[in-house]
Each structure stands twice: as structure tokens, then as C-alpha cells.
Ligand SMILES: Nc1ncnc2c1ncn2[C@@H]1O[C@H](COP(=O)(O)OP(=O)(O)OP(=O)(O)O)[C@@H](O)[C@H]1O
Ligand SMILES: [Mg+2]
């Protein structure tokens with residue numbers, strides 16, 4: 007199997023009445039109305055597409071929503087080898103037998119829950135096409151190898167994500183696929199929210215988290231001027247974890263905030279200059 011598939015160990019209980027929307031939970035800090043949009047899509051049986059740069063919280067959000075709605079979740083990390091069989095299933099050779107093994111999409115359709123296709127745009131066209139009947143009013147999955155037509159249960163939801171920054175026009179989704187989804191555009195959280203996320207996720211103090219966020223905001227201004235993509239929330243969390251308590255050493259900050267994203271001497275010099283925003287903490 008080419009796609010990484012991870013059925014979660016979440017309890018398989020049907021969702022209760024949808025809880026009140028709040029903006030904070032133990033493990034996800036909302037930026038806007040994304041929780042409400044997700045819940046409306048879930049109860050309206052609509053598939054959801056989440057677009058946004060790497061490390062801005064897409065996966066964390068979907069995991070949070072699965073937990074919040076009390077449904078299991080299957081994640082597939084799509085790549086250019088991800089085929090229809092990787093999603094739907096295949097016959098495998100086991101001794102003298104060849105049993106049919108459901109893929110993650112089929113499991114989610116049979117049992118109910120969220121099937122999350124990460125970087126969907128990377129998957130092969132034949133894999134994306136099988137989603138069509140599932141993503142529209144039919145909500146059916148045709149398993150051609152077993153000649154079954156499966157009807158998605160009420161609590162099934164298809165969620166996909168991709169990073170628009172990585173896509174060339176050759177790797178875009180077809181209109182007929184896009185128009186079957188409701189979409190949410192994710193971006194880096196607003197500074198005060200991002201600082202809370204960095205502090206919560208790393209355990210660092212809010213002051214240091216705010217300083218890291220200020221660096222992130224300034225560094226993101228270099229996108230298109232030497233940087234391909236902005237410094238992610240994930241990178242800021244890593245920096246906080248690497249530094250730990252105490253005075254932030256410049257080598258540690260560079261290892262977390264500069265070395266992973268650029269080798270360009272000019273961009274590195276500019277980013278090094280911005281590190282003073284972080285070093286002043288201590
Ligand atoms: N709103 C948030 N609440 C809590 N943690 C967050 C939030 N946003 C981001 N994070 C943190 O940032 C990290 C990166 O988030 P996540 O893995 O969800 O990014 P992503 O958008 O899925 O990235 P990729 O496109 O690379 O898969 C997570 O491990 C989490 O700690
Ligand atoms: Mg992700």
C-alpha cells in the first residue's frame with residue numbers, strides 16, 4: 007500500500023446531539039468559525055475540503071473534530087502512487103487464500119466515521135474519480151472487485167486537504183471534484199492565537215511564544231522574496247521545544263527556524279536579523 011493509512015483508536019459511539027460551539031478545547035484552539043462549518047457539513051452530509059499551508063493546523067483540526075463528534079477517523083496520506091485500491095481495498099495473498107481486505111475508505115463507509123485524505127491532489131486520477139459518487143447526493147462507493155455498492159451511513163464524512171502552494175496547474179483538482187466539496191481556507195492563526203497555540207503545545211511561557219510568533223509573522227513577509235513558504239506554526243512549536251527553558255541559544259533558534267527552510271545566504275542573513283525578536287526574551 008502506498009498511502010499511509012491510520013485507523014484511529016477512537017470510540018465507535020454515535021455522535022450525540024452536536025455540542026455548543028466554543029473556540030477552545032483541550033487540544034485545539036480555533037481561529038474562526040471552522041468548528042461550526044465542520045459541524046454543519048457533518049450534519050448536512052457534505053464533504054469538506056481544507057486548504058492551507060503546511061503546519062498551520064489542518065490535521066490537528068480534523069482529529070479534534072473526530073474526537074468532538076465521537077466518530078472514528080481514518081487518515082490516508084496521499085502521494086503520487088496512491089491508487090484506487092489503496093483507498094478501496096484489495097485481495098491479498100495469505101497462504102493459500104486470497105481474502106479481500108477493505109481499504110481505509112471502504113472501512114469508513116462501512117462503519118461510519120471520518121475518512122481524511124491528506125494531500126488529495128497528489129493521488130492518482132483513478133483514485134480521485136472513485137470519490138465522485140461518494141461526494142455527491144448518492145453517497146455511495148462502488149467496490150468493483152467485489153461488485154458491491156456501499157451506501158454511506160449517516161455518520162460518514164469525507165474530508166480532504168491540500169496545500170495550494172504546492173500545486174501546479176497540472177496537479178489541481180478537476181472542477182467536477184472541487185464542486186462536490188464545501189471548502190475551508192486555513193492560514194496561520196492570528197498572532198495572539200498562534201502564541202497561545204505555541205505556548206500550549208510546547209509548554210513554554212506565553213511571552214516567549216509571543217516572541218516566536220512575532221518572528222513568524224515577519225519571516226512570512228519573505229514568502230515570494232526568497233522563501234517558498236512561510237515559517238509554520240509547527241516550526242515555532244519545534245523552536246520552543248528545542249530551546250526549552252532558559253535563554254534561547256542562537257544555534258538552537260537557527261536549527262529550528264532557519265536551517266530547515268533555506269540555504270540562500272541572503273535570506274538566511276535576513277532571518278538571522280529577525281532572530282533578535284526572539285532572543286530578547288530570557
Ligand atoms: N489551532 C491549533 N490548535 C492546537 N494546535 C495547533 C493548532 N494549529 C496548529 N497546531 C499545532 O501545529 C502542529 C502542526 O499542525 P498540523 O499537523 O495539523 O498541520 P497541517 O496543516 O496538517 O500540516 P501539513 O500540511 O504539513 O500536514 C500540530 O502538531 C499542533 O501542535
Ligand atoms: Mg497534516
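Residue numbers (the working numbering): 7 to 288. Beta carbons: idealized from backbone N, C-alpha and C, even for Gly. The structure displayed is predicted, hence computed values, not measured ones.
1) Rounded to the nearest angstrom, what separates residue 270 and residue 128 at their Cα positions?
2) Taking 7 Å as the cut-off, is the beta-carbon of residue 64 closer than that to any non-hydrogen atom of ligand 2?
3) Report yes or no: do three or more beta-carbon pairs, one from the segment 240–251 and one from the segment 199–217, lie closer than 8 Å?
4) Whose CA, out of 183, 139, 159 and 99, lies closest to the CA of residue 113?
5) On the three-pair Cβ rule with 8 Å, is the segment 55–75 touching the segment 96–115?
6) Tell me, which residues are paired with residue 146 by DSSP?
7) Identify whether residue 168 lies in helix, strand or coil by the three-state DSSP scheme.
8) If we count Cβ pairs, one from each stretch, closer than 8 Å, do we get three or more for the segment 127–145 versus the segment 65–79?
9) Please classify residue 228: does DSSP put it in a helix, a strand, or coil?
10) Could you spell out where the alpha helix (DSSP H) holding residue 72 opens and where it closes?
11) Measuring alpha carbon to alpha carbon, tell me which residue in 42, 140, 188 and 163 is nearest residue 155.
12) Please report the distance separating the alpha-carbon of residue 117 from that of residue 162.
13) Over the uninterrupted beta strand (DSSP E) stretch that includes residue 239, give me the two end residues.
14) Examine ligand 1 and report whether any of its heavy atoms sits within less than 7 Å of the Cβ of residue 33.
15) Identify whether residue 151 lies in helix, strand or coil by the three-state DSSP scheme.
16) Grouping DSSP H, G and I as helix and E and B as strand, with all else coil, what is residue 285?
17) Whose CA, out of 209, 119 and 196, lies closest to the CA of residue 222?
18) So residue 199 is in the alpha helix (DSSP H); what residue range does that whole segment cover?
19) Does the count of Cβ pairs from the segment 46–61 and the segment 164–172 closer than 8 Å reach three?
20) For my contact list, residue 94 and residue 149 are in at a C-beta cut-off of 8 Å; report their separation, rounded to the angstrom.
21) Out of 194, 257, 259 and 255, point me to the one whose CA is closest to residue 59's CA.
22) Would you check whether ligand 1 has a heavy atom nearer than 7 Å to the C-beta of residue 226?
23) Just how far apart, CA to CA, sit residue 45 and residue 84?
24) State yes or no: is the C-beta of residue 277 within less than 8 Å of the C-beta of residue 264?
25) Could you give the distance in angstroms between the alpha-carbon of residue 255 and the alpha-carbon of residue 280?
26) Since I believe residue 33 is in contact with residue 70 (beta carbons under 8 Å), could you give me their beta-carbon distance rounded to a whole number of angstroms?
27) Just how far apart, CA to CA, sit residue 91 and residue 102?
28) For ligand 1, is there any heavy atom lying closer than 7 Å to the beta carbon of residue 240?
29) Going by CA-CA distance only, name the one from 233, 227, 232 and 198 that's closest to residue 217.
30) Given a cut-off of 8 Å on the beta-carbon distance, is the pair residue 225 and residue 232 in contact?
This is what the structure holds:
1) By 1-based counting over the chain shown, the position of residue 270 is 264. By 1-based counting over the chain shown, the position of residue 128 is 122. Between the alpha carbons of residue 270 and residue 128 lies a distance of about 28 Å.
2) The count along the chain shown starts at 1 and reaches residue 64 at position 58. Yes, the beta carbon of residue 64 sits closer than 7 Å to at least one heavy atom of ligand 2.
3) yes
4) By one-based count along the chain shown, residue 113 stands at place 107. It is 159.
5) no
6) Your numbering for residue 146 matches position 140 in the chain shown. Paired residues: 157.
7) Taking the chain shown and counting its residues from 1, the one referred to as residue 168 is at position 162. Of the three classes helix, strand and coil, the one that applies to residue 168 here is strand, per DSSP.
8) no
9) What you label residue 228 is simply residue 222 of the chain shown in a count that begins at 1. Coil at residue 228, not helix or strand.
10) Position 66 of the chain shown, counted from the first residue, corresponds to residue 72. Note, residue 72: alpha helix (DSSP H), 64–75.
11) Your numbering for residue 155 matches position 149 in the chain shown. Minimum Cα distance to residue 155 is reached at 140.
12) Within the chain shown, residue 117 is the residue found at index 111, counting from 1. Within the chain shown, residue 162 is the residue found at index 156, counting from 1. About 8 Å.
13) Position 233 of the chain shown, counting from 1, holds the residue named residue 239. First-last for residue 239: 239–249, but that is the alpha helix (DSSP H), not the beta strand (DSSP E).
14) For this step, residue 33 is matched to residue 27 along the chain shown. Yes, ligand 1 has a heavy atom inside 7 Å of this Cβ.
15) Numbered from its first residue, the chain shown carries residue 151 at position 145. DSSP places residue 151 in coil when its eight states are reduced to three.
16) Residue 285 sits at position 279 when you count from the first residue of the chain shown. Residue state, collapsed to three classes: helix.
17) Looking up residue 222 in the chain shown gives position 216. Here the closest residue by C-alpha is 196.
18) The residue you call residue 199 lines up with position 193 of the chain shown. Unbroken alpha helix (DSSP H) run through residue 199: 197–208.
19) Between the segment 46–61 and the segment 164–172 there are three or more C-beta pairs closer than 8 Å, enough to call the two in contact.
20) Along the chain shown, one-based indexing puts residue 94 at 88. Along the chain shown, one-based indexing puts residue 149 at 143. Right, the Cβ-Cβ distance comes to about 6 Å (below 8 Å), so this counts as a contact.
21) Counted from its first residue, the chain shown places residue 59 at position 53. In this structure, 194 is the residue among 194, 257, 259 and 255 with its C-alpha nearest to the C-alpha of residue 59.
22) By one-based count along the chain shown, residue 226 stands at place 220. No, Cβ of residue 226 sits at least 7 Å from all heavy atoms of ligand 1.
23) Against the chain shown, residue 45 aligns to sequence position 39. Against the chain shown, residue 84 aligns to sequence position 78. Each residue's alpha carbon lies about 24 Å from the other.
24) Taking the first residue of the chain shown as 1, we reach residue 277 at position 271. Taking the first residue of the chain shown as 1, we reach residue 264 at position 258. Closer than 8 Å, so yes.
25) Residue numbering aside, residue 255 sits at position 249 when the chain shown is read from its first letter. Residue numbering aside, residue 280 sits at position 274 when the chain shown is read from its first letter. Straight-line Cα distance between these residues: approximately 14 Å.
26) By one-based count along the chain shown, residue 70 stands at place 64. By one-based count along the chain shown, residue 33 stands at place 27. Correct: roughly 6 Å between the Cβ atoms.
27) Here residue 91 is taken as the residue at index 85 of the chain shown, counted from 1. Here residue 102 is taken as the residue at index 96 of the chain shown, counted from 1. Roughly 21 Å separates the two Cα atoms.
28) As a first step, residue 240 is located in the chain shown; it is residue number 234 there, counting from the start. It does: the Cβ of residue 240 is within 7 Å (strictly closer) of some heavy atom of ligand 1.
29) Residue mapping note: residue 217 aligns to position 211 of the chain shown, counting from 1. The shortest C-alpha separation from residue 217 is found at 198.
30) As a first step, residue 225 must be located in the chain shown, where it is residue number 219. As a first step, residue 232 must be located in the chain shown, where it is residue number 226. No, the Cβ-Cβ distance between residue 225 and residue 232 is not below 8 Å.
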